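Each remark here refers to the structure printed beneath this line.
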Amino acid sequence: MRRLPGGGADLAQLQSTMLAIEQACASIQMHANPTEAEKIIVSLHDSPMPYQLCQFILENSHMPIVRFLAAAAIRVAALREWGLLTDEDKRNLIVFFLGFVMERASASDTYVQSKVSAVAAQLIKRGWQDFTDGDKAAIFLEEGCIVL
4 MRRLPGGGAD LAQLQSTMLA IEQACASIQM HANPTEAEKI IVSLHDSPMP YQLCQFILEN
64 SHMPIVRFLA AAAIRVAALR EWGLLTDEDK RNLIVFFLGF VMERASASDT YVQSKVSAVA
124 AQLIKRGWQD FTDGDKAAIF LEEGCIVL
């Protein structure tokens, strides 16, 4: 799987942050300290370049709501930071989301799949004019998304 931009975090840091977000989601669901939990969740959306953390969460969290929030955070960050991302970063984001959808097409958490699909579509739409015809073809061929 391609690594998304925004690196620098080690595995222990990624796991620790994912655990904090999972605990925040559980706290909100149980109505235990919702204000603090909301701060943690909002910080994910407000983080600059949260892509690697969110990719890690999407690939590793067992909580569908946390995966949903990670996909939403990537969407917010990518749209906010689109002009700062390299063309390769943009392609990697799109390819990651398309691959995620294709690999987990039969997953039971349909609302997460719907969110990931929507983010993929939004990123494709956002970048479509910027990409060359070769880039466009490569994105879909790489993930085997073209049905002949």
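Residue numbers for the sequence shown follow the working numbering, so the first one is 4 and each next one is one higher. Yeah, the Cβ is synthetic: ideal placement off N, Cα and C, and Gly gets one too. This one's a predicted model, so the numbers in the text were calculated from it and none came from an experiment.
Whole-angstrom C-beta distance between residue j and residue i, which should lie under 8 Å
i, j, result
"V104", "R70", "Rounded, the Cβ-Cβ distance is 12 Å, inconsistent with contact."
"E25", "M66", "5 Å"
"A76", "H48", "5 Å"
"T20", "L72", "Contact flag wrong, Cβ pair sits at about 12 Å."
Enclosing alpha helix (DSSP H) for residue i [first to last residue]
i, result
"T135", "Premise fails: T135 is in no alpha helix (DSSP H) and is neither H nor E."
"R83", "P67 to E84"
"S30", "L14 to Q32"
"R94", "D90 to E106"
"A40", "P37 to D49"
"L61", "Y54 to N63"
Within 8 Å, strictly: CB atoms of residue i and residue j
i, j, result
"I60", "C28", "no"
"P37", "I31", "yes"
"A80", "Y54", "yes"
"L82", "R129", "yes"
"E84", "M33", "no"
Using 8 Å as the threshold, is the stretch 95-102 in touch with the stretch 120-131, meaning 3 or more CB pairs across them?
Between the stretch 95-102 and the stretch 120-131 there are three or more C-beta pairs closer than 8 Å, enough to call the two in contact.
Whether or not the stretch 85-93 and the stretch 106-114 are in contact is what I'm after, with contact meaning three or more pairs of Cβ atoms, one per stretch, closer than 8 Å; do they touch?
Touching, no, given that fewer than three Cβ pairs across the two stretches are closer than 8 Å.
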